[in-house]
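Notes follow once the structure below has been shown.
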Amino acid sequence: MRICMVGTGYVGLVSGACLAEQGNEVWCVDVDSEKVQQLQSGHIPIYEPGLQEIVKRNYDEGRLHFTTDLAEGVQNSLFIFVAVGTPTLEDGSAQLQFVMDVAQGIGQCMDTYKIIVMKSTVPVGTTLAVQESIREALAARGLTELEFDVAFCPEFLKEGSAVDDFMKPDRIIIGAENSRVAELLKELYSPFTMREPRMLTMSIASAELSKYAANAMLATRISFMNELAGYCDVVGADIEEIRKGIGADSRIGSAFLYAGLGYGGSCFPKDLKAIIGCAATHGYDFSLLRAVEEVNQQQRERMLEKVRHHFGGNLQGRKFAIWGLSFKPHTDDIREAPAIDIIKGLLASGACVSAFDPVAMENSRDALGHHAEVSFAKDGYEALDGADALLLVTEWPVFRKPDFERVKSLLKQPVIFDGRNQYNPDQLKKLGITLYSMGRGRHGEE
Ligand code: NAD
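Under the working numbering, the first residue of the sequence shown carries the number 39, and numbering increases by one thereafter.
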């Protein structure tokens, strides 16, 4: 089939490449001409495991095209997927300008029947507003009879395993009001559901809300465990033992039960704000989700409090090694990453920082504004040299089993703040390293 993918970010580029990998011909369109040029010259602007290979293969074999010309993509395709950003506005609501710009653009250049499939995460009602906008743009060209359909297919890929998630999804949700469109989309997605044919069709409104609901549920689990971890620190229980204890209950399950520094990234924080904000415009108060957000924000402060407490409340002139900057392992995405807030908190207290991340240092340097008090090391051990303590912020595999003797010899004081509960408190105690974890009782203070 012939597909146009509008927006070549994390979602659009992965989706476009994976659809091309199944033999479809895909035009990836983006307004960012620099990004398009990079892609045309074989450079992938984001880090995503496995993506480079499939983009290169499909580009070389002529199934994947990159262009800034929306009309070229639209006129060549039956399906037009919209995967542009929907960032947070100042009032917390979703910014829909990019989506509506694309809708206008499609209406200004389509000349035959099209199926427009929204993939951007948007509030209930947006897909129908897109339909209306395309209709208006067609009417302005005198094309009131030109037919098209809209659908909403939420994307559930996760950065860091996006290619795998797209190729082997848990489920595919198709929101469509027209059964013929739903059947065509089922056909398009059928190669991805050969093993687990979980294809769910529903109304567009339910599909739009399903995406927010999934992220809100996962964020709620994370904040629940983090709040419980705070209580464990107070009463001397171990959140890791509790995690195993409750995760073994089949009604609960073991996923998303890890206490840590809270969620980040481009989706959970933005989507929670959007659902809370949209609900408020309908006079509905999502008090549970407001609490989820509050706990998440506190979690970064909890780590800083542990650091301040250990150093007697004064961090002036201290140096801290930071391991991990991306919001989670296997991505270079630092949007809403706990590391950025924690580094800012340390700098505000008069400390300086030496950081290492396998792929996210360039993005972090830009986000932190090339600060003189922040240096970037060539590896994790170099970051430790002369530091007062190590803060493990992102649990990249390379940080899981470090040479603790070497860590100890490089640090000024043998202190680790483990923001992801990666290290064994008993082992570190034997090595003479003071360990602070998130909700593992009073280990760090012994
Ligand atoms: P992104 O910021 O990485 O990419 C968006 C791209 O859209 C950018 O390259 C931008 O230049 C382009 N764009 C903006 N306006 C455009 C226009 N008018 N025409 C063509 N291109 C345009 O965003 P992303 O992370 O890929 O997210 C896209 C959407 O998918 C969001 O709504 C997000 O919530 C949702 N989503 C993201 C993820 C994720 O893990 N990142 C997962 C599921 C859903």
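A virtual CB, placed ideally from N, CA and C, is assigned to each residue, including glycine.
Item checked: Cβ contact check for the stretch 333-353 and the stretch 260-273: 3 or more pairs under 8 Å -> yes
Check: Exposed or buried, what is residue 468 when buried is set at 16 or more other beta-carbons lying within 10 Å of its beta-carbon?
Finding: On the sequence shown, position 430 is the one that residue 468 refers to. Burial call: exposed.
Notebook entry, point to check: Does DSSP put residue 148 in a helix, in a strand, or in coil?
Noted result: Locating residue 148 in the sequence shown gives position 110, where the first residue counts as 1. Coil, per DSSP.
Notebook entry, point to check: Any heavy atom of the ligand NAD closer than 8 Å to the CB of residue 439?
Noted result: On the sequence shown, position 401 is the one that residue 439 refers to. For the ligand NAD, not one heavy atom lies less than 8 Å from the Cβ of residue 439.
Check: When the Cβ atoms of the stretch 441-449 are set against those of the stretch 423-430, are three or more pairs found closer than 8 Å?
Finding: yes
Notebook entry, point to check: Three-state secondary structure (DSSP) at residue 158?
Noted result: Position 120 of the sequence shown, counted from the first residue, corresponds to residue 158. Note: residue 158 maps to coil in three-state DSSP.
Notebook entry, point to check: Which residues mark the beginning and the end of the alpha helix (DSSP H) in which residue 248 is found?
Noted result: Here residue 248 refers to the residue found at position 210 of the sequence shown. Where residue 248 is concerned, the enclosing alpha helix (DSSP H) stretches over 242-273.
Item checked: Contacts around residue 439, its chain only, beta-carbon distance under 8 Å, and the 5 residues preceding and following it disregarded -> Position 401 of the sequence shown, counted from the start, is the residue given in the question as residue 439. Around residue 439: no qualifying Cβ.
Item checked: Where the alpha helix (DSSP H) through residue 225 begins and ends -> Position 187 of the sequence shown holds residue 225. That run of the alpha helix (DSSP H) goes 217-227.
Item checked: Coil, strand or helix - residue 501 by DSSP -> Residue numbering for the chain in the displayed model covers 39 to 484; residue 501 lies beyond these limits and cannot be assessed.
Next item on the list: Go ahead and pull the three-state DSSP assignment for residue 63.
Entry: Taking the first residue of the sequence shown as position 1, residue 63 is located at position 25. Residue 63 falls in the strand class under three-state DSSP.
Margin query: In this structure, how does DSSP classify residue 378 when only helix, strand and coil are distinguished?
Written below: By 1-based counting over the sequence shown, the position of residue 378 is 340. Residue 378 falls in the helix class under three-state DSSP.
Note to self: For residue 64 and residue 474, what's the separation of their Cα atoms in angstroms?
What the structure shows: Taking the first residue of the sequence shown as position 1, residue 64 is located at position 26. Taking the first residue of the sequence shown as position 1, residue 474 is located at position 436. Distance between the alpha carbons of residue 64 and residue 474: 50 Å.
Checklist line | Expected contact under 8 Å - CB spacing of residue 352 and residue 306 to nearest Å | finding: For the purposes of this step, residue 352 is taken as residue 314 along the sequence shown, with counting starting at 1. For the purposes of this step, residue 306 is taken as residue 268 along the sequence shown, with counting starting at 1. Contact doesn't hold; Cβ gap of about 34 Å is too wide.
Notebook entry, point to check: Under 9 Å between the Cβ atoms of residue 418 and residue 394?
Noted result: By one-based count along the sequence shown, residue 418 stands at place 380. By one-based count along the sequence shown, residue 394 stands at place 356. It is a contact, given that the beta carbons lie within the stated cut-off.
Check: If you run the structure through DSSP and keep just helix, strand and coil, what is residue 338?
Finding: Your numbering for residue 338 matches position 300 in the sequence shown. Three-state DSSP puts residue 338 in a helix.
Check: Between residue 181 and chain D, is there a C-beta pair that is closer than 9 Å?
Finding: Annotation note: the requested chain D is absent from the structure, which comprises a single protein chain.
Check: Under 9 Å between the Cβ atoms of residue 401 and residue 379?
Finding: Position 363 of the sequence shown, counted from the start, is the residue given in the question as residue 401. Position 341 of the sequence shown, counted from the start, is the residue given in the question as residue 379. No. Outside cutoff.
Margin query: Short of 7 Å in beta carbon distance, which residues of its chain neighbour residue 481, apart from the five on each side in sequence? Order them along the chain.
Written below: On the sequence shown, residue 481 is found 443 positions in, with the first residue counted as 1. Reliability of the predicted coordinates at residue 481 is poor, the pLDDT of 49 falling under 50, and the value obtained from them is presented with this limitation in mind. Cβ within range, chain order: 463, 473 and 475.
Checklist line | Paired residues, beta bridge with residue 455 - DSSP | finding: Locating residue 455 in the sequence shown gives position 417, counting from the first residue. Partner(s): 429 and 474.
Check: What are the boundary residues of the beta strand (DSSP E) that includes residue 414?
Finding: Here the question's residue 414 lines up with position 376 in the sequence shown. It spans 412-414 - the beta strand (DSSP E) in which residue 414 sits, taken as one unbroken run.
Next item on the list: May I ask you to check if the CB of residue 131 is nearer than 8 Å to at least one heavy atom of the ligand NAD?
Entry: The residue you call residue 131 lines up with position 93 of the sequence shown. Not so, every heavy atom of the ligand NAD lies at least 8 Å from the Cβ.
Next item on the list: Return the first residue and the last residue of the alpha helix (DSSP H) that residue 93 is part of.
Entry: Indexing the sequence shown from 1 puts residue 93 at position 55. Its alpha helix (DSSP H) spans residues 89-98.
Margin query: Nearer than 8 Å: is that true of the beta carbon of residue 397 relative to any heavy atom of the ligand NAD?
Written below: Stepping through the sequence shown from its first residue, residue 397 is reached at position 359. Because no heavy atom of the ligand NAD lies under 8 Å away, the Cβ of residue 397 does not count as near it: no.
Checklist line | beta-carbon residue 84 near the ligand NAD non-hydrogen atom, thresh 8 Å | finding: Here residue 84 is taken as the residue at index 46 of the sequence shown, counted from 1. Under cutoff, so the answer is yes.
Checklist line | Candidates 173, 301 and 422, of which the one nearest residue 356 by Cα | finding: Reading the sequence shown from its first residue, position 318 is the one you call residue 356. Selected option, being the one with the closest Cα: 422.
Margin query: Please report the straight-line C-alpha distance between residue 278 and residue 456, rounded to a whole angstrom.
Written below: Counting from 1 along the sequence shown, the entry for residue 278 is found at position 240. Counting from 1 along the sequence shown, the entry for residue 456 is found at position 418. Rounded to whole angstroms, residue 278 to residue 456 spans 13 Å at the Cα level.
Note to self: Give me the DSSP bridge partner(s) of residue 391.
What the structure shows: Numbered from 1 along the sequence shown, position 353 holds the residue referred to as residue 391. According to DSSP, which records beta bridges pairwise, residue 391 is partnered with 358 and 412.
Note to self: Under 8 Å, with one C-beta from each stretch per pair, do the stretch 74-85 and the stretch 146-160 reach the 3-pair mark?
What the structure shows: no
Check: With which residues is residue 117 paired in a DSSP beta bridge?
Finding: For the purposes of this step, residue 117 is taken as residue 79 along the sequence shown, with counting starting at 1. DSSP lists 41 and 153 as partners of residue 117.
Check: Rounded to whole angstroms, how far is the Cβ of residue 127 from the Cβ of residue 44, which I believe are closer than 8 Å?
Finding: Working through the sequence shown from its first residue, we reach residue 127 at position 89. Working through the sequence shown from its first residue, we reach residue 44 at position 6. Going by Cβ atoms, the distance from residue 127 to residue 44 rounds to 21 Å, so no, they are not a contact pair.
Item checked: Per DSSP, the bridge partner or partners of residue 103 -> As a first step, residue 103 is located in the sequence shown; it is residue number 65 there, counting from the start. Partner(s): 65.
Next item on the list: Compute the minimum distance between the beta carbon of residue 48 and the heavy atoms of the ligand NAD, and state whether it is under 8 Å.
Entry: Within the sequence shown, residue 48 is the residue found at index 10, counting from 1. At least one heavy atom of the ligand NAD is nearer than 8 Å to the Cβ of residue 48, so yes.
Checklist line | Assumed close pair residue 315, residue 130 - CB separation to whole angstroms, cut-off 8 Å | finding: Position 277 of the sequence shown, counted from the first residue, corresponds to residue 315. Position 92 of the sequence shown, counted from the first residue, corresponds to residue 130. Confirmed, Cβ separation roughly 4 Å.
Margin query: Please return the same chain residues whose Cβ sits closer than 7 Å to the Cβ of residue 411, not counting the five positions on each side in sequence.
Written below: Locating residue 411 in the sequence shown gives position 373, where the first residue counts as 1. 385, 390 and 391, listed in sequence order.
Next item on the list: Using DSSP bridges, identify the partner residues of residue 187.
Entry: Position 149 of the sequence shown holds residue 187. Answer is 153, bridged to residue 187.
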